[in-house]
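Taking it in order: structure first as structure tokens, then the write-up.
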Amino acid sequence: MDSNLNILFIHGFNSSPRSFKAEATAQYLQENHPDIQFICPQLVSNPFIAIEQLEAIINAAPQSRWCLVGSSLGGFFATFLSEKYQCPAVLINPAVRPFELAGEIAGKQYNPYTEEHYEVTEQQVCSLKSLECKSININHFFVMVQTGDEVLDYQKAVAKYHGCQMRIEQGGDHSYINFSATLPLITEFFNLS
């Protein structure tokens with residue numbers, strides 16, 4: 292097993308390293324793969340600066356092997372980073388074109404994890420378009436969606452990542468119900484088992 296391996300978990304919009312999925316992933320890796328470094332930073336609220344924050348983390352350990360896990364907006368970020376750094380990524384109910392949601396995301400926001408009140412401008416959201424990957428390496432992605440996602444249309448992810456390894460679960464919601472049960476599949480995709 293590669294001890295020089297880092298898993299970078301990228302949380303979603305208005306989320307944090309204290310989210311259930313992040314904590315469940317950290318605990319599972321600690322119990323089953325303790326030699327792997329798990330990294331889940333609190334992303335800054337400006338969605339465009341957040342990508343610079345993530346790039347800085349990866350660039351700080353260029354000799355390491357990186358695997359990405361991205362949830363929701365984190366899935367959009369993970370797609371960009373996977374293509375840029377040529378590393379595998381697991382996407383959980385990923386946002387496909389978040390810049391199209393500027394009308395919903397822009398304005399006053401509140402992060403319940405950090406208790407931060409802040410404002411997102413339409414310009415910040417629209418700037419995410421520059422991070423969109425028009426084409427992807429289908430071998431790099433394992434995409435997990437639930438059809439009951441009430442925030443994002445799962446069919447957009449199915450279309451975007453056509454040809455990638457995919458798990459489509461009926462029902463569920465945007466939080467990805469029963470996420471812990473998928474952790475062995477995630478580590479298998481990363482070839483850790």
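Basically the numbering used here = 1-based index in the sequence shown + 291. Backbone N, C-alpha and C fix where the C-beta goes; we use that ideal spot for every residue, glycine too.
Select from V436, F390, E423 and G366 the residue whose C-alpha is nearest the C-alpha of S306.
Ranking the options by Cα distance to S306, first place goes to G366.
Please list the segments of the beta strand (DSSP E) lying wholly inside the stretch 295 to 370, counting only runs of 3 or more residues, in order along the chain.
Uninterrupted beta strand (DSSP E) stretches at least 3 residues long and entirely within the stretch 295 to 370 occur at 296 to 301, 328 to 330 and 356 to 362, given in chain order.
From I396 to I327, what does the alpha carbon distance come to, in whole angstroms?
The straight-line gap from Cα to Cα measures roughly 34 Å.
Give the range of the alpha helix (DSSP H) segment to which I427 is assigned.
Unbroken run through I427: none, as it is neither H nor E.
Under the three-state reduction of DSSP, which class applies to H465: helix, strand or coil?
It is coil, neither helix nor strand.
Among the residues of its own chain, which have a CB less than 6 Å from the CB of Y452, if the five just before and after it don't count?
These residues qualify, in order along the chain: F432 and V434.
Reduced DSSP category for E410 - H, G, I as helix; E, B as strand; rest coil
In the three-state DSSP reduction, E410 falls in the strand class (E or B).
Taking the alpha-carbon positions, what's the Y319 to V387 distance?
Rounded to the nearest whole angstrom, the C-alpha separation of Y319 and V387 is 27 Å.
Take L443 as the anchor and find which of H408, I427, P389 and G398 has the nearest alpha-carbon.
Put simply, of H408, I427, P389 and G398 the residue whose alpha carbon is nearest the alpha carbon of L443 is P389.
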